[in-house]
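So the sequence shown is numbered by my numbering: it starts at 4 and just counts up by one.
All residues carry an ideal CB built from backbone N, CA and C; glycine is no exception.
Some notes on the structure that comes next.
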Amino acid sequence: MFVVLIIEILLILGLIILTRSFLQTRRKAMLWTMVAVAGLIAIITIPVLMVIFDLGTNGW
4 MFVVLIIEIL
14 LILGLIILTR
24 SFLQTRRKAM
34 LWTMVAVAGL
44 IAIITIPVLM
54 VIFDLGTNGW
């Protein structure tokens, strides 16, 4: 479980770095689009990583 948390933290840090570059462009609409994409990526990757590392599936 800790491996998944570490991977998620690294993904979030990478997305924060990307959003900072969008903040410098002063385009708020682009920033909110990036935040929405980051949220979708996080929602999709958490179950995928749990299945890959066989966590929460009772070993099936």
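Asked: Between valine 7 and leucine 43, how many whole angstroms is the CB-CB distance? I'm expecting something under 8 Å.; Found: So it is not a contact: roughly 18 Å between Cβ atoms.
Asked: Name the residue from Phe5, Ile49, Val38 whose alpha carbon lies nearest to the alpha carbon of serine 24.; Found: Val38
Asked: Straight-line CA distance for phenylalanine 5 to isoleucine 46?; Found: 17 Å
Asked: Could you give the distance in angstroms between the alpha-carbon of isoleucine 21 and the alpha-carbon of tryptophan 35?; Found: Just to set this straight, residue 21 is leucine in the shown sequence, not isoleucine. Cα to Cα, the separation comes out at about 12 Å.
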